[in-house]
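Student: Mind having a look at this structure? Questions to follow.
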């Protein structure tokens, strides 16, 4: 059986879906790397809402997806960019997500870390920004989760230079109860974060970032780098204080960065490990045995899909992530908070389906094909 798929030139081509998925089974946590999947949220498709209204979340489906990730040994990075922070999910929704997911993690023994930001504000003074961070840090710590200090749009707009970042982050690290993860999200993921750490130049920004860490190494578990620049991540990784981890957020070069070199390696906190979760988990278990070649053999072929999902405008990668979750049967619909399901074209979604199918990511390839046919029919594509 073949399915006719649109191409980027406006035509149709025949594609033959695979009939069997990869054999990917749940397993124990990893021993050689710490790996988080930044997980998406599932919208409530029956809610009578609008794109700019507070998010309506299907909590049962959202938490079920996190149990799926935990069952494969992955940690969950909660309320992050993948969960549409600032792109449909406001702070009130994120706070509820953090509390619910942290409680679920305790129930199943899953690892969880949660995003701390300032999205109560659209703009503010440095004092207001610090207070917003403090409020969110308190929610995460009270929920019993590890904190991830995310980049702040408000701080990017208000900071006069590196000294303001040093002051704000220094204050937060001093009061954090446990070591946190510092998150540097590049402007390709959020244009409002351009010039973060007080410098337009990445070399100067890196120096400020490292100065923050060097002043409080006992309060920094690790850093998450999402700049899509493998060379820069390796250079920064080698400059980190002893005991501070580097979590790659590079959805273009993750296999080589996780595999590492003779001077070190990166752990992982990745949005693409939402759709790749079971396959990524299997690859890391191979790496746990010391088989770097086997790890790369499993994970390298996934990069084409990841680069497709994260192509510019990169911030819309969430649409492809949720689309694949629908095709894989993790949710019953392709609806997103904020109406973001409209952010990618039909040819883009079609290519995502094809690449994921070739990798064997769909537990039920027939279901994925049927849902793909349904979507195509809504766009007027006759089979």
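Residue numbers (my numbering): 86 to 468. Each residue gets a CB set at the ideal place from its N, CA and C atoms; glycine is no exception.
#1: Classify residue 126 as helix, strand or coil using the three-state DSSP reduction.
#2: Please list the segments of the alpha helix (DSSP H) lying wholly inside the region 187-254, counting only runs of 4 or more residues, in order along the chain.
#3: Which residue comes first and which comes last in the beta strand (DSSP E) that contains residue 163?
#4: Whole-angstrom Cβ separation of residue 298 and residue 326, contact assumed at under 8 angstroms?
#5: Report the option in 174, 101, 95 whose CA atom is closest to the CA atom of residue 457.
#6: Can you tell me which residues form a DSSP beta bridge with residue 355?
#7: Does the region 437-447 come into contact with the region 405-422, if we say contact requires no fewer than three beta-carbon pairs (one atom in each stretch) closer than 8 angstroms?
#8: Considering only C-alpha positions, which residue in the set 181, 226, 248, 195 is nearest to residue 211?
#9: If you drop the 5 nearest sequence neighbours on each side, which residues of the same chain put their C-beta closer than 6 angstroms to that of residue 358?
#10: Please name the residue in 86, 168, 155, 116 whose C-alpha comes closest to that of residue 423.
#11: Kindly indicate the opening and closing residues of the beta strand (DSSP E) around residue 430.
#12: Quick one: residues in its chain with C-beta nearer than 6 angstroms to the C-beta of residue 148, no 5 flanking neighbours on either side, listed in chain order?
#13: In chain order, what are the residue ranges of uninterrupted beta strand (DSSP E) at least 3 long that sit wholly in the region 278-313?
#14: For residue 252, is the classification buried or exposed, using 16 other Cβ atoms within 10 angstroms of its Cβ as the cut-off for buried?
#15: Please report the straight-line C-alpha distance between residue 329 and residue 302, rounded to a whole angstrom.
#16: Among 192, 193, 170, which one has its Cα closest to the Cα of residue 204?
#17: Please return the same chain residues whose Cβ sits closer than 6 angstroms to the Cβ of residue 415, not counting the five positions on each side in sequence.
#18: Pick from 313, 154, 383, 371: whose alpha carbon is nearest that of residue 117?
#19: Using the beta-carbon count (16 or more within 10 Å), is residue 429 buried or exposed?
#20: So residue 333 is in the beta strand (DSSP E); what residue range does that whole segment cover?
#21: Taking 8 angstroms as the limit between beta carbons, can you name the residues of its chain near residue 323, skipping five residues before and five after?
#22: Does DSSP put residue 256 in a helix, a strand or coil?
#23: Within 10 angstroms of its Cβ, does residue 389 collect 16 or more other Cβ (buried), or is it exposed?
#24: So what does DSSP say about residue 100, is it helix, strand or coil?
#25: So the alpha helix (DSSP H) residue 326 belongs to, where does it begin and stop?
#26: Select from 320, 137, 401 the residue whose C-alpha is nearest the C-alpha of residue 288.
#27: Is it the case that the Cβ atoms of residue 187 and residue 266 are separated by a distance below 8 angstroms?
#28: Who are the near neighbours of residue 386 in its chain, counting only those whose CB is closer than 7 angstroms to its CB and skipping five residues on each side?
#29: DSSP three-state label for residue 349, please.
#30: Do you know whose CA, among 304, 363, 394, lies nearest residue 384's CA?
#31: Starting from residue 406 and walking both ways along the alpha helix (DSSP H), at which residues does that stretch end?
#32: Which residues in the same chain have their Cβ closer than 8 angstroms to the Cβ of residue 346, if we skip the five residues on either side of it in sequence?
#33: Residues bridged to residue 91 by DSSP?
#34: I'd like the span of the alpha helix (DSSP H) that includes residue 266, first residue to last.
#35: Just how far apart, CA to CA, sit residue 209 and residue 144?
#36: In the DSSP assignment, find the unbroken alpha helix (DSSP H) run with residue 366 in it and report its ends.
Tutor: Taking the structure as given:
#1: Here DSSP, grouped into helix, strand and coil, assigns residue 126 to coil.
#2: 211-227, 238-243, all fully within the region 187-254.
#3: Per DSSP, the continuous beta strand (DSSP E) segment holding residue 163 begins and ends at 160-163.
#4: The beta carbons of residue 298 and residue 326 sit about 6 angstroms from each other, so the pair counts as a contact at 8 angstroms.
#5: Looking at 174, 101, 95, the one whose alpha-carbon comes closest to that of residue 457 is 101.
#6: Looking at the DSSP assignment, residue 355 forms a beta bridge with 122.
#7: Touching, yes.
#8: Closest option to residue 211, Cα to Cα, is 248.
#9: Closer than 6 angstroms at Cβ, skipping near neighbours: 122, 365.
#10: Looking only at 86, 168, 155, 116, the smallest Cα-Cα distance to residue 423 is reached by 168.
#11: Where residue 430 is concerned, there is no enclosing beta strand (DSSP E), given that its DSSP letter is neither H nor E.
#12: 189, listed in sequence order.
#13: Counting only runs of 3 or more, we get 305-311.
#14: Exposed, since its Cβ has fewer than 16 Cβ neighbours within 10 Å.
#15: Cα atoms of residue 329 and residue 302: separation of roughly 7 angstroms, rounded to the nearest angstrom.
#16: The residue among 192, 193, 170 with its C-alpha nearest the C-alpha of residue 204 is 170.
#17: So the list reads 150, once near-sequence residues are dropped.
#18: Measuring C-alpha to C-alpha distances from residue 117 to each of 313, 154, 383, 371 identifies 371 as the nearest.
#19: Looking at its Cβ environment, which holds 16 or more other Cβ atoms inside 10 Å, residue 429 is buried.
#20: Residues 330-333.
#21: Excluding sequence neighbours, residue 323 sits near 348, 349.
#22: In this structure, DSSP gives residue 256 a helical state, which the three-state scheme calls helix.
#23: Taking every protein chain shown into account, the CB of residue 389 has fewer than 16 other CB atoms within 10 angstroms, so this residue is exposed.
#24: The answer is strand: DSSP assigns residue 100 an E or B state.
#25: Under the DSSP assignment, residue 326 falls outside any alpha helix (DSSP H); it carries neither an H nor an E label.
#26: For residue 288, the closest C-alpha among the options 320, 137, 401 is that of 320.
#27: Taking 8 angstroms as the Cβ cut-off, residue 187 and residue 266 do not qualify as a contacting pair.
#28: Correct list, in chain order: 444.
#29: Reduced to three states, the DSSP call for residue 349 is strand.
#30: It is 363 whose Cα lies nearest to the Cα of residue 384.
#31: Element bounds for residue 406: 402-412.
#32: Here residue 346 has 319 as same chain residues with Cβ atoms under 8 angstroms from its own Cβ, once five neighbours each way along the sequence are excluded.
#33: Note: residue 91 sits in a beta bridge opposite 97.
#34: Taken as a continuous stretch (DSSP letters only), residue 266 belongs to no alpha helix (DSSP H), being part of the beta strand (DSSP E) at 265-270.
#35: Straight-line Cα distance between these residues: approximately 32 angstroms.
#36: Run containing residue 366: 362-373, per the alpha helix (DSSP H) assignment.
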